[in-house]
Amino acid sequence: MSDIALQLKGITKRFGSVVANKNINLCAYTGEILSLLGENGSGKTTLMNMISGIYYPDEGEIFINGQEVVIKSPRDAFDYKIGMIHQHFKLVDVFSAAENIVLGLGEQGRYNIKNSSKKVSQIAEKYGFDIDPEKKIHEMSVSEKQTVEIIKVLYRGADILILDEPTAVLTPQETKKLFDVLRKMKEDGKTIIIITHKLHEVLALSDRVAVLRKGEYIGTVITSQTNEDELTEMMVGKKVDLNIKRSDPVNPQKRLEVKNLNCNNREGIKVLNDVSFEAYSGEILGIAGIAGSGQRELLEAIAGLQHIEQGDIIYNDPKTEKSENLKDKTPLQIRSLGVRLSFVPEDRLGMGLVGNMDIVDNMLLRSYRKGKSFFLQKKEPKTLAEKIIRQLEVVTPSANTPVRRLSGGNVQKVLVGREISSSPTVLMAAYPVRGLDINSSYTIYNLLNEQKEKGVAVIFVGEDLDVLIELCDRILVIGSGRITGIVDGRTAKKEEIGYLMTNSNGGKDNE
Amino acid sequence: MLSTVCAFINAAIIQSIPLLFGSVGEIFTEKSGNLNLGIPGIMYMGGISGIIGGYIYEKSAENPIPILMILIPLLSSLLGSAFLAFIYSFLTITLRANQNVTGLALTTFGIGIGNFFGGSLLSLFGETGSISLIKTGLCYKTPLPFYTKLGLFGETFLSFGFLVYLAIAIALISSFVINKTRVGLNLRAVGENPATADAAGISVTKYKYLATCIGGAIAGLGGLYFVMDYTSGAWTNNGFGDRGWLAVAIVIFAIWKPKSAILSSLLFGGLYIICVYIPGLSSSAKELIKMLPYLVTIFVLIIISVRRKKENMPPASLGLSYFREDR
């Protein structure tokens, strides 16, 4: 192979007590496409952010073309001819493509957007991009915006391009086009690092694959000498025993039937594609999948918060033994049937709790409609708050402390505790252990198990495959808005789930 | 009839100048994402600072030199209003205080300062009576020497002091800077999407500070024009009235474009005094007509909100403070 363009030696990055990257050694050659493969939270993006100047490593060295360098800001990265295309585009909506591309550049001479437009067109022509430099960003499609980001980096003369999950937002045709462009750049001698978790893309595009798992560097393999099985195993690793208790479902009954569900997101892009499954009482149904594969939309559709394009959600009420279609109901009606959603978003406080209000008031948020009098009745919520604090061991000075001041784990206990307190019939918990330490996580698992034993249909969306395999009775795997498989939690193999997650075609192309 | 129309146009131009200074200053500020509702107070501040500078010079010099009688009040006015804008910047940019609250507080503060010194300046220097800087006022009112030769046209359009032409020049220059230069591109990026600007290596804080202080200084000239030219160097408490708020309304009416602000100010200035030129109006009808500028502003707000054209929208991050770690 040719020269080493980029080399990382012993890179470590910590966020508080969490180690995001641990002693990573990695190198990329000039004129190659290197894939960086790993699950969510394996530290791929963090690692690349350190090369592009967004984070600064705690330990370790970075070498560019054999020279040790210090990269402290995106500016420094530009100076070393490194450009990163982030997942969330950094573009000004009301500016044209060319204006966005030259933004912040200290170019010599008078400002002349026409000349810049010409230069943009030249770059576009060279690599086969399709772009109108005068088009405004807000009139562009996602793929056009991505093109602008890539040209922005090229315009600044980048030799090392880092793309963070570039295909996540693209259609298959657009993906193909992007890959053609990337190959042309590679021929031009650029080094391209692409972060992804889609195995078939890795195999189709890259020269070599570097794998990260839980912040650690696992190894690099040459793409032509590997296969999906090997990569999956490197990515998910061997199974870890967690010893989460799991009882057998008692008298399972069909509680929720989702039939051919189709949903679009706000941009009108299809996020759920013909999703069908059943959830039974007295069992925990796990949902596994790469983040953003449609888990959120699925839960929100059931809770009535997401518009359903097509399909039905049938709920079998255990009290009245009647079947109802949740599609026609308002979120409030669905809630009163006993279908409860506790969603823990990435920022934790984003959904369900009001940070500045205390625990009692947050309880009141769910029950104030019951009140008959003009004044708030705080007695009942207060009892409930105290009960939750006692039973779930929430660490708080008092029930009147603003939720914002509690630690993450305690906030999540309050959130889950509140939903459970209403004795639901369906409990949907999305990422309830996100960011929690081991002990708090087990408290939550026990809570879910308790609900299951009470005959609640529990739907658990999780990130950690080990947890899913040990906690859930059945695991539904979702990939790019489709169900790619439903496996038994007791017999499932980690590799099997990992494979289903990364294969959006439902594994059909390999059968 | 013609002479009445010309007198009306002339009066409308005079009325429009404080509004033009104020709105261009506010447009400049808002392009950086700062919604400075302190503009009315800053305009008072610009006025009283000019008065103080002019008063001290006129009082201390035996034979005041005309050019200094112009420059000293001009400079003190710019400093005074830029200082108030700086306080706003420090509070909202560095300390990230709420922009609306800070702005409103500064308006109250600026008007208070204006009225305080307007009422007490003379007694501070041991004099009585009311402030009247006739000599300075005359310097500011000096028209172009040749306008009388141009008949009615000259009378209507060219009979003003230099601040009138300065106002139009500043509006045109602002438009050029904002739309046609690299600095303007960076400034607009800061107001639209500070995180993007930051990532592109633009100093968001620097741009916000500069735009707000320069914008404040420009707006303050509106106050200076009012006290030196319009009222010929005399100060009356609350004399400037609600022109500051009209200037803020013009920013919306002109959809954040300094060039449009010229015509918008003229229209608002005209509407402000048209009741005087319509014969036979009852006093209540006059008050209703004075409401027109505000009605027109509400109407424009409705139109741009309905059309939702991205280019006509306020800067996307207007009113929000930027904190890098938030992204």
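Heads up: the protein sequence lines correspond to chains A and B, in order. Read in order, the letters of the first sequence are residues 4 to 514 in this note's numbering. Read in order, the letters of the second sequence are residues 10 to 336 in this note's numbering. Beta carbons: idealized from backbone N, C-alpha and C, even for Gly. Just so it is clear, the structure is predicted and the values come from calculations on it, not from any experiment.
Is any beta-carbon of chain A found at less than 8 Å from that of residue i?
i: asparagine 202(B); result: yes
i: glycine 210(B); result: yes
i: glutamate 320(B); result: yes
i: leucine 329(B); result: no
i: threonine 205(B); result: yes
i: alanine 106(B); result: no
i: alanine 325(B); result: yes
How about residue i and residue j: are their beta carbons less than 8 Å apart?
i: serine 45(A); j: glycine 289(A); result: no
i: leucine 196(B); j: isoleucine 182(B); result: no
i: glutamate 498(A); j: threonine 150(A); result: no
i: isoleucine 481(A); j: leucine 471(A); result: no
i: isoleucine 165(A); j: isoleucine 134(A); result: no
i: aspartate 96(A); j: lysine 319(B); result: yes
i: alanine 213(A); j: leucine 29(A); result: yes
i: threonine 13(B); j: tyrosine 286(B); result: yes
i: asparagine 433(A); j: arginine 299(A); result: Here the sequence assigns alanine to residue 433(A), which means asparagine is not the residue at that position. Going by C-beta atoms, alanine 433(A) is nearer than 8 Å to arginine 299(A).
i: leucine 344(A); j: leucine 301(A); result: no
i: asparagine 19(B); j: tyrosine 97(B); result: no
Can you name the residues of chain A whose CB is closer than 7 Å to the CB of residue i?
i: arginine 191(B); result: Tyr114
Strictly under 8 Å for the Cβ-Cβ distance: is residue i near chain C by that measure?
i: glycine 107(A); result: The chain inventory of the structure shown lacks chain C, comprising the protein chains A and B.
Could you list which residues in chain A have their beta carbon closer than 9 Å to that of residue i, in chain order?
i: asparagine 195(B); result: Leu106, Gly107
i: alanine 198(B); result: Val95, Phe98, Glu102, Asn103, Leu106, Gly107
Taking Cβ positions only, does residue i come closer than 8 Å to chain B?
i: histidine 141(A); result: yes
i: valine 470(A); result: no
i: lysine 93(A); result: yes
i: glycine 458(A); result: no
i: glutamate 327(A); result: no
i: histidine 102(A); result: What sits at residue 102(A) in the sequence shown is glutamate, not histidine. Judged by the 8 Å Cβ criterion, glutamate 102(A) is in contact with chain B.
i: aspartate 96(A); result: yes
Counting C-beta neighbours from all protein chains within 10 Å, is the total for residue i 16 or more, i.e. buried, or is it exposed?
i: asparagine 359(A); result: exposed
i: arginine 317(B); result: exposed
i: aspartate 320(A); result: exposed
i: glutamine 108(B); result: buried
i: proline 60(A); result: buried
i: alanine 323(A); result: According to the sequence displayed, residue 323(A) carries threonine and not alanine. Threonine 323(A) is exposed by the Cβ-count criterion.
i: serine 284(A); result: buried
i: tyrosine 371(A); result: exposed
i: arginine 336(B); result: Caution is warranted here: a pLDDT of 39 is assigned to arginine 336(B), below 50, making its placement in the model unreliable, and the coordinate value is therefore given only provisionally. Exposed, because fewer than 16 other Cβ atoms sit within 10 Å of the Cβ of arginine 336(B).
i: arginine 269(A); result: exposed
i: glutamate 142(A); result: exposed
i: asparagine 202(B); result: buried
i: methionine 4(A); result: Confidence at methionine 4(A) is low in this model, with a pLDDT of 47, below 50, so its placement is unreliable and the value that follows should be read with caution. Exposed: under 16 other Cβ atoms inside 10 Å.
i: serine 326(A); result: exposed
i: valine 398(A); result: exposed
i: isoleucine 441(A); result: exposed
i: threonine 174(A); result: exposed
So which residues on chain B does residue i lean against when the C-beta distance must stay under 8 Å?
i: leucine 157(A); result: Per Cβ cutoff of 8 Å: no residues; leucine 157(A) is ~15 Å from chain B at best.
Note down, in chain order, every chain B residue with its Cβ under 7 Å from the Cβ of residue i.
i: arginine 78(A); result: Gly210
Listed in chain order, which residues of the region 359 to 377 of chain A have Cβ atoms closer than 9 Å to some Cβ of chain B?
Listed by position along the chain: nothing, the set is empty.
Identify each residue in the region 221 to 234 of chain B for which the Cβ-Cβ distance to at least one residue of chain A is less than 9 Å, and report them in chain order.
Cβ contacts with chain A come from no residue of the region 221 to 234 of chain B.
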